[in-house]
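Structure record follows, encoded as structure tokens.
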Amino acid sequence: MNTNPAQNAAIGHNHVPKMTARNVNVFYGQKQAIKDVSIDVSPEHVTAFIGPSGCGKSTFLRCLNRMNDTVDGARVEGRIELDGQDIYAPVMDVVQLRARVGMVFQKPNPFPKSIYENVAYGPRIHGLARAKADMDNIVESALRRAGLWDEVKDRLGESGTAMSGGQQQRLCIARAIAVDPEVILMDEPCSALDPIATARIEELIDELRGRYAIVIVTHNMQQAARVSQRTAFFHLGTLVEYDETPAIFTNPQQTRTKDYITGRYG
Amino acid sequence: MATIAASAAAPLERQPTDWASPEMQGRIAARYRAERNFRRLGAGALMVAAGFLAFLLFTIVRDGWTGFLRTEARVEVMFDAATLGVDPAALRGPGAQAVLARADYVALMDKAALQLGPASDMLSDAAWLALRDRLVADPTLIGRTETLWVPVRSSIDLLAKGKYDLDAPADSRGVTDREVSDWRWLDSQGRLRTVFNQAFIGNADSTEPELAGIGGAALGSLFTLFVTIAIAFPLGVFSAAWLEEFAPRGRLADIIELSINNLAAVPSIIFGLLGLAFFLNYAGLPRSSPLVGGITLALMIMPVIVIAARVAIQAVPPSIRDAALGIGASPIQVVFQHVVPLALPGIMTGTIIGISRALGETAPLLLIGMRAFVTDTPQGLTAPATVLPMQVFLWSDDVQRGFVEKTSAAIMVLLFILILMNSVAIYLRNRFERRW
């Protein structure tokens with residue numbers, strides 16, 4: 000059994016990882032939330048983080064685009080790289096980092112503005128569109144990619160908060176896509192949705208795979224098995240096991256993984 | 000001893016609860032009684048409060064509504080060039096307006112007043128102004144006779160409005176027998192009418208009640224509030240945004256927060272002393288001006304705005320901040336493109352409540368000289384001015400009977416503006432309130 004996190008961080012050698020984390024520790028004040036996590040994120044696959052509540056999977060996800068910077072008393076140690084660049088280096092611009100590493104949150108959180116404005120906001124603040132026509136193109140292609148265009152093309156002026164929960168979450172995905180990110184982080188994106196909306200999001204994740212590196216945190220193991228190709232199991236702030244998804248679910252190497260998968264705790 | 004030990008060892012078996020027992024019924028009755036009494040007490044408290052309010056409004060409206068009316072007397076005026084002391088030839092030249100402005104209208108008025116016979120001195124001292132206004136508006140009236148309505152003295156005005164108890168003994172009713180007989184004579188000749196008092200709306204203060212108006216004070220209030228809003232709103236919003244979104248949590252932030260909360264509770268007259276000491280004596284800004292009044296009131300209401308704005312900003316859900324940060328908005332963009340716009344209805348509500356307080360404030364303005372007797376509508380932010388509540392205070396202090404109704408009428412104007420502003424606050428709150 001391989002218990003060294005640094006060694007089980009990478010799976011196979013056929014891809015240059017999009018993001019790499021080495022020996023990451025996260026502290027909230029005195030409390031250590033993440034202990035010595037090392038992991039590679041593949042550019043072509045969907046990576047799922049699973050684990051029981053409070054295991055640190057969301058905390059770790061939020062380190063990947065430095066959303067933890069906004070939390071008082073949070074401190075991150077270790078090294079996290081995006082395309083070989085240290086994202087915690089002083090020269091790294093955090094605003095640009097978050098444009099390159101987009102995020103979709105647990106609860107759909109569209110801005111209380113029109114559908115169009117929701118999608119256009121990111122490209123506008125980053126100056127990605129020169130003219131109105133450019134912006135219209137960006138908005139349309141983002142909504143198409145998020146599978147929302149046909150549903151909303153006739154009501155782009157309506158409020159984003161007036162849609163159903165599933166549509167709102169797809170709008171949030173469209174909003175993240177609109178700034179043309181390289182990585183999309185999804186923090187339990189379906190936990191507030193009904194099964195049909197969940198299935199729609201899962202299909203969408205599958206369609207987006209390959210174009211963006213996707214990392215999804217989920218507490219739903221079936222979902223991890225359905226949408227991901229790589230799965231990382233977190234427990235009590237440590238990365239217990241990281242492997243190809245089928246291997247994790249059919250042949251876990253660690254007893255703790257096995258116990259969790261089979262429902263002994265969680 | 001043995002039985003005690005035994006009963007301690009084996010707890011009593013619990014009897015089934017008898018929900019219909021007399022004790023239980025008594026308990027239910029007591030509960031209903033307590034609830035009934037509480038409701039009666041609450042309704043009673045509300046009735047007392049409503050009663051006081053109704054009494055207040057009733058007395059103000061009863062005394063004040065006639066303040067919006069004015070009694071005028073009809074006189075036929077012959078615009079006689081000789082009495083006016085103007086040369087008719089000069090009226091055709093380019094300096095006609097200047098000539099008209101200098102003419103002797105007082106003499107003309109005195110001459111015209113003779114037709115009122117015994118009551119010829121019962122016209123207002125400023126009745127001649129009506130002649131001037133008429134002639135300046137239409138210079139061709141020279142040499143012609145025109146029927147005009149001019150204001151009468153306050154005592155005649157009040158007699159016409161029935162404000163005196165004429166059955167009371169002459170020495171205690173506040174009006175002389177001659178005034179009463181003059182009024183009766185004028186009235187019997189059909190020379191009196193009571194109409195809407197435009198002077199009350201447009202004029203500034205005056206020593207004569209029939210000429211005194213609320214317009215100057217209203218404009219002074221407007222100027223003062225303009226300065227107050229222009230200073231307090233941006234300062235308050237920026238302070239709140241910084242405290243909520245950027246300030247490092249710690250001892251300093253706690254001290255600032257405590258100070259702001261305490262500042263909101265400082266008696267307003269202290270702010271007046273500050274204004275007097277700093278803005279007038281040290282900075283040398285003009286006394287009695289809306290500028291200084293506005294700055295002083297801005298200091299007073301800024302804590303109110305900061306507190307309201309902080310609450311409104313706190314109410315914006317963190318998910319909106321996450322959403323904006325997550326697509327790469329900078330902290331400034333998050334605050335000023337998302338958080339503050341979403342908090343704006345709450346900020347506006349707090350601001351309007353603060354401004355309402357500033358509008359009704361008198362004490363600090365006393366100290367910076369805004370109780371001056373100003374007979375002209377203020378021409379600018381640095382001109383001497385007074386404000387609505389100060390006008391109420393000044394008139395309530397005046398010994399002349401005619402100012403009683405003016406005081407109540409001014410209170411009505413002040414209350415009307417306050418109700419209007421609070422309605423706007425409620426409208427904004429309901430219109431833009433969001434549920435997350």
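Those protein sequence lines, which keep their order, are chains X and W. At position 92 of the first sequence the residue is numbered 91 (numbering that gives the first Met the number 0), and the sequence of numbers has no breaks. At position 19 of the second sequence the residue is numbered 18 (numbering that gives the first Met the number 0), and the sequence of numbers has no breaks. Quick reminder that beta carbons are idealized off the backbone N, C-alpha and C, glycines included. These numbers were taken from a predicted model, which means no experiment stands behind them.
{"Item": "Tell me, please, which residues DSSP counts as bridged to X/S113.", "Value": "X/S158"}
{"Item": "Does the separation of the CB atoms of X/A198 and X/A47 fall below 7 Å?", "Value": "no"}
{"Item": "Report the neighbours of W/G438 on chain X: residues whose CB is nearer than 7 Å to its CB, in chain order.", "Value": "What is shown of chain W runs 0 to 435, which leaves residue 438 of chain W out entirely."}
{"Item": "Report back the beta-carbon spacing between X/K34 and X/G236 to the nearest angstrom; my notes put them in contact at under 8 Å.", "Value": "5 Å"}
{"Item": "Please tell me whether X/V178 and X/A98 are closer than 7 Å, where the distance is taken between their beta carbons.", "Value": "yes"}
{"Item": "Determine the direct distance from the alpha carbon of W/A342 to that of W/V315, and round the result to whole angstroms.", "Value": "6 Å"}
{"Item": "Secondary structure at X/H218, three-state DSSP: helix, strand or coil?", "Value": "coil"}
{"Item": "I'd like to check one pair, X/E201 with X/V226: are the Cβ atoms closer than 7 Å?", "Value": "yes"}
{"Item": "My parser needs the alpha helix (DSSP H) runs of 4 or more residues fully inside the stretch 323-377 of chain W; what are they?", "Value": "339-358, 362-366"}
{"Item": "With a 10 Å radius around its C-beta and 16 neighbouring C-beta atoms as the bar for buried, classify W/K405 as buried or exposed.", "Value": "buried"}
{"Item": "Please work out which residues of its chain come closer than 8 Å, Cβ to Cβ, to W/I351, disregarding the five sequence neighbours upstream and downstream, and give them in chain order.", "Value": "M420, N421, V423, A424, L427"}
{"Item": "From what residue to what residue does the beta strand (DSSP E) around X/Y241 run?", "Value": "237-243"}
{"Item": "Going by CA-CA distance only, name the one from W/A136, W/V403, W/G214 that's closest to W/G201.", "Value": "W/G214"}
{"Item": "According to DSSP, is W/A4 helix, strand or coil?", "Value": "Because the pLDDT at W/A4 is just 49, under 50, the model does not fix this residue reliably, and the value given afterwards should be weighed accordingly. Helix."}
{"Item": "Mind listing, in chain order, the continuous beta strand (DSSP E) runs of no fewer than 3 residues lying wholly within the stretch 54-129 of chain W?", "Value": "68-77"}
{"Item": "Between W/A167 and the ligand SAH, is the CB less than 6 Å from at least one heavy atom?", "Value": "The ligand content of the structure shown is nil, which means the ligand SAH is not present either."}
{"Item": "Should W/G249 be flagged as near chain X, meaning a C-beta pair shorter than 7 Å?", "Value": "no"}
{"Item": "Looking at the structure shown, is X/E80 part of a helix, part of a strand, or coil, going by DSSP?", "Value": "strand"}
{"Item": "Measure how close the beta-carbons of W/P363 and W/A371 come, nearest whole angstrom, since I'm counting them as under 8 Å.", "Value": "Actually they are not in contact, since the Cβ atoms of W/P363 and W/A371 sit about 15 Å apart, beyond 8 Å."}
{"Item": "Going by other Cβ atoms of all chains shown within 10 Å of its Cβ, with 16 needed for buried, is X/G83 buried or exposed?", "Value": "exposed"}
{"Item": "Check each residue of the stretch 50-75 of chain X: if its Cβ is closer than 8 Å to any Cβ of chain W, include it; give the result in chain order.", "Value": "N64, M66, T69, D71"}
{"Item": "Could you have a look at W/Y163 and say whether DSSP puts it in helix, strand or coil?", "Value": "coil"}
{"Item": "Closest by CA to W/P388, which one among W/L242, W/I230, W/A217, W/L275?", "Value": "W/A217"}
{"Item": "Which stretch, first to last residue, makes up the beta strand (DSSP E) that contains X/V45?", "Value": "45-49"}
{"Item": "Please work out which residues of its chain come closer than 6 Å, Cβ to Cβ, to W/A311, disregarding the five sequence neighbours upstream and downstream, and give them in chain order.", "Value": "A342, G345, I346"}
{"Item": "With H, G and I counted as helix, E and B as strand and the rest as coil, what does DSSP make of W/L191?", "Value": "strand"}
{"Item": "For X/G164, I'd like the list of residues in its chain whose CB is within less than 7 Å of its CB, leaving aside the five on either flank, ordered along the chain.", "Value": "P107, A191, L192, A196"}
{"Item": "Just how far apart, CA to CA, sit W/S123 and W/S153?", "Value": "8 Å"}
{"Item": "Considering only DSSP beta bridges, list what X/Q29 is partnered with.", "Value": "DSSP lists no partner for X/Q29."}
{"Item": "Pairs of beta-carbons, one from the stretch 102-120 of chain W and one from the stretch 72-81 of chain W, closer than 8 Å: are there three or more?", "Value": "yes"}
{"Item": "In whole angstroms, give me the CA-to-CA distance for X/A231 and W/A239.", "Value": "43 Å"}
{"Item": "How many whole angstroms separate the CB atoms of W/V151 and W/M121, which I take to be in contact at a CB cut-off of 8 Å?", "Value": "6 Å"}
{"Item": "Determine the chain W residues that contact X/A98 at a beta-carbon separation under 8 Å, and present them in chain order.", "Value": "I326, G327"}
{"Item": "Under 7 Å, Cβ to Cβ, is there at least one residue of chain W near X/G266?", "Value": "For residue 266 of chain X there is no data in the structure shown, the boundaries of chain X being 0 and 265."}
{"Item": "By the three-class DSSP mapping on this structure, what secondary structure does X/N1 have?", "Value": "Below a pLDDT of 50, predicted positions are generally treated as unreliable, and X/N1, at 42, falls in that range; the measurement from the model is reported next regardless. Here X/N1 sits in coil by DSSP."}
{"Item": "Below 8 Å on the Cβ atoms is my contact criterion, and I expect W/I230 with W/G293 to pass it. Report the Cβ-Cβ distance as a whole number of Å.", "Value": "7 Å"}
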